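Here the sequence shown stands for residues 0 to 489, numbered as in numbering that gives the first Met the number 0. Down below is the structure, laid out as structure tokens.
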Amino acid sequence: MPRSRAARPNLTPLFYLLGEKGRREIPRVAISRFKQAIDPRAARQGFAPGHKNEGYMANRVVIGSQWGDEGKAKVVDFLTLDADIIVRFQGGANAGHTVEVGDQKFVFHLIPSGIMHQDKICVIGNGVVLDPIQTLAEIADLHTKGINPEGRLFIANNAHVVLPYHSTLDKAKEKKAGKAAIGTTGRGIGPCYSDKVNRIGVRVGDLMDERELRPRVEAMAKVHNEEFTVMYDVPAIDPEVVIKDYLELGQKIKPFVTDVSEMLYKAVKAGKRLVFEGAQGTILDVDQGTYPFVTSSNTVAGYASCGAGVGPTALDEVWGVVKAYTTRVGNGPFPTELLDETGDTLRKIGNEYGATTGRNRRCGWFDAPVVRKAAVVNGLTHLAITKLDVLDTFDTVKICTHYECDGEKLDFIPNQLSKVGRCTPVYEEMPGWKCDTTKCRSYDELPENAKKYLQKMAELVDVKIGMISIGAKRDQSIVIDKGLAKGLGL
Ligand code: GDP
Ligand code: IMO
Ligand code: MG
0 MPRSRAARPN LTPLFYLLGE KGRREIPRVA ISRFKQAIDP RAARQGFAPG HKNEGYMANR
60 VVIGSQWGDE GKAKVVDFLT LDADIIVRFQ GGANAGHTVE VGDQKFVFHL IPSGIMHQDK
120 ICVIGNGVVL DPIQTLAEIA DLHTKGINPE GRLFIANNAH VVLPYHSTLD KAKEKKAGKA
180 AIGTTGRGIG PCYSDKVNRI GVRVGDLMDE RELRPRVEAM AKVHNEEFTV MYDVPAIDPE
240 VVIKDYLELG QKIKPFVTDV SEMLYKAVKA GKRLVFEGAQ GTILDVDQGT YPFVTSSNTV
300 AGYASCGAGV GPTALDEVWG VVKAYTTRVG NGPFPTELLD ETGDTLRKIG NEYGATTGRN
360 RRCGWFDAPV VRKAAVVNGL THLAITKLDV LDTFDTVKIC THYECDGEKL DFIPNQLSKV
420 GRCTPVYEEM PGWKCDTTKC RSYDELPENA KKYLQKMAEL VDVKIGMISI GAKRDQSIVI
480 DKGLAKGLGL
């Protein structure tokens with residue numbers, strides 16, 4: 000009687016078919032060919048999985064490992080040099096992603112940061128909540144700077160649309176919450192995701208057809224207008240105006256709209272390489288973050304699959320972007336926050352002012368329990384450490400190795416808000432390097448104390464470093480990962 004598969008979990012299908020005896024008798028080359036035949040990724044790349052390190056070109060997910068603004072856009076723009084398609088998969092115009100290339104500086108809220116590369120395709124996936132007005136403004140801005148996104152920007156027809164009801168509700172709720180406010184960006188993100196899950200949302204495809212749009216907007220207006228007038232003392236929004244405006248906007252974005260999932264499936268099959276661009280950060284994730292002081296989407300790497308409509312087998316590497324210190328915008332706990340002169344210095348040197356709202360970013364030392372959590376919930380394969388140069392002038396730098404809480408040592412930021420509030424960070428102080436790193440272009444050129452600091456970070460979170468950023472410009476990047484170096488021809 001054949002043994003059940005569950006009893007033999009580590010066997011590949013070939014071994015499973017032939018049994019242990021067969022395994023001993025088959026030459027390795029035959030096993031490799033068989034694997035190649037059955038593994039679609041191996042087939043698409045022309046390499047057997049066992050040969051990944053020698054030439055396999057990976058699809059990379061890039062996510063924020065802290066509370067957002069880690070420099071994801073800078074890293075995505077750089078990794079785009081080794082990719083074909085860049086995909087946003089969650090969040091909305093709450094994101095502010097800054098890319099500096101030459102003399103030009105762009106802040107993207109919805110369009111993927113890879114759009115600066117004129118030969119690359121950019122995709123806004125179904126997991127994003129799309130504000131069409133913002134999207135069109137970004138497209139217009141690109142044109143004024145000589146970049147044409149037509150024919151290479153695609154928007155999922157099943158992404159949800161942020162309507163005026165959402166931003167009005169977002170702001171009204173925050174106002175009413177007073178001191179308990181989340182400190183949202185006011186871009187309607189939470190209400191839009193709520194309507195999506197509540198099954199009363201409007202999707203991009205609906206904007207092309209009044210028969211779809213009208214009943215949905217009318218139903219949504221009923222719910223929210225009552226809320227506005229009864230609970231928030233805010234004027235109702237006329238659904239007729241919304242229907243008219245959004246049908247017009249639908250016509251304007253129509254050339255970009257498609258079935259993104261189908262498109263990406265074909266691209267993966269054709270061996271195209273993808274970069275998935277996360278927004279926000281892991282500790283703002285609606286499940287893994289400091290709830291309720293979080294955003295309303297899943298920001299973790301696993302959501303790249305759901306929010307782009309690609310299977311999880313298409314995700315190969317997960318790059319966690321980590322600022323060399325920590326920042327947070329908005330309210331909520333922040334164990335290593337510096338409410339003193341040092342915090343002000345970090346803000347000033349790091350230019351830590353919100354790219355979307357212009358608010359001061361709260362600043363603090365590097366927090367290993369935060370990034371350790373990110374390493375675990377995202378399955379990080381690489382760290383992309385940014386803004387190391389911001390620490391160049393410090394005499395000493397501190398690193399939080401763990402927390403103490405209720406007499407216990409904690410290696411991970413806890414899930415319960417009150418417990419996070421009781422955590423005391425435990426620091427290790429390290430000597431600074433007191434020299435300019437912005438011109439370094441290889442790991443060897445970095446000062447010894449900076450190397451020690453980087454090594455400490457990697458060791459504490461148990462993830463290897465893939466790249467280091469020492470300035471906002473594209474060339475201010477140090478590549479460590481061999482696969483990336485090979486892809487870039489370095
Ligand atoms: P994102 O939301 O994660 O893409 O990050 P933001 O764009 O909101 O904030 C990061 C800021 O740091 C931007 O102004 C970037 O231009 C800048 N930046 C990125 N990497 C570096 C770096 O290595 N050093 C310095 N000094 N600035 C950087
Ligand atoms: P990027 O992609 C930093 C924060 C807000 C607020 C909370 C909820 O640029 O890293 P929301 O408007 O999402 O309902 O606000 O999340 N927040 C961000 N903080 N970077 C971001 O994006 C953020 N997007 C949202 O400040 O605390
Ligand atoms: Mg940002």
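By construction, the Cβ of each residue, glycine as well, lies at the ideal position given by its N, Cα and C atoms. Keep in mind it's a predicted model, so treat the numbers as computed, not measured.
Would the C-beta of residue i count as close to the ligand MG, meaning under 7 Å from any of its heavy atoms?
| i | result |
| --- | --- |
| Asp68 | yes |
| His96 | yes |
| Ala313 | no |
| Ala92 | no |
| Ala300 | no |
| Ala471 | no |
| Ala303 | no |
For residue i, is the beta carbon positioned less than 7 Å from some heavy atom of the ligand IMO?
| i | result |
| --- | --- |
| His165 | no |
| Ile123 | no |
| Thr184 | yes |
| Ser295 | yes |
Could you check if residue i belongs to the surroundings of the ligand GDP, using beta carbon to heavy atom distance under 7 Å?
| i | result |
| --- | --- |
| Ser468 | yes |
| Ala307 | no |
| His116 | no |
| Lys386 | yes |
| Ala383 | no |
| Gln475 | yes |
| Gly63 | yes |
| Lys71 | yes |
| Glu407 | no |
Are residue i and residue j close, meaning C-beta to C-beta below 8 Å?
| i | j | result |
| --- | --- | --- |
| Val508 | Thr79 | Within the shown structure, residues of the chain are numbered from 0 to 489, placing residue 508 beyond reach of any answer. |
| Leu387 | Gly67 | no |
| Ile181 | Val122 | no |
| Ser64 | Val285 | no |
| Val74 | Ser468 | yes |
| Arg358 | Thr326 | no |
| Ala155 | Val259 | yes |
| Leu390 | Tyr324 | yes |
| Thr335 | Gly363 | yes |
| Gly91 | Cys191 | yes |
| Asp81 | Gly113 | no |
| Ile398 | Tyr426 | yes |
In three-state DSSP terms, what is residue i?
| i | result |
| --- | --- |
| Phe292 | coil |
| Ala383 | strand |
| Met56 | coil |
| Ala72 | helix |
| Cys305 | helix |
| Phe33 | For Phe33, the pLDDT reaches just 38, beneath the cut-off of 50, and the residue's location in the model is therefore unreliable, leaving the point undetermined. |
| Pro446 | coil |
| Ala278 | coil |
| Phe105 | strand |
| Ile84 | strand |
| Gly113 | helix |
| Pro234 | coil |
| Phe153 | strand |
| Glu407 | strand |
| Pro39 | Because Pro39 sits at a pLDDT of 44, beneath the cut-off of 50, its placement in the model cannot be relied upon, and the following sentence gives the value as read from the coordinates. Note: Pro39 maps to helix in three-state DSSP. |
| Pro311 | helix |
| Pro424 | strand |
| Phe393 | coil |
| Thr228 | helix |
| Glu351 | coil |
| Gly482 | helix |
| Tyr324 | coil |
| Arg215 | helix |
| Thr400 | strand |
| Leu487 | coil |
| Asp366 | strand |
| Pro430 | strand |
| Ile120 | strand |
Going by other Cβ atoms of all chains shown within 10 Å of its Cβ, with 16 needed for buried, is residue i buried or exposed?
| i | result |
| --- | --- |
| Gln475 | buried |
| Val196 | exposed |
| Met56 | buried |
| Ala471 | buried |
| Arg440 | exposed |
| Ala139 | exposed |
| Ala179 | exposed |
| Glu447 | exposed |
| Glu403 | exposed |
| Thr134 | buried |
| Asp495 | Outside the displayed span of the chain (0 to 489) sits residue 495, for which this structure offers no information. |
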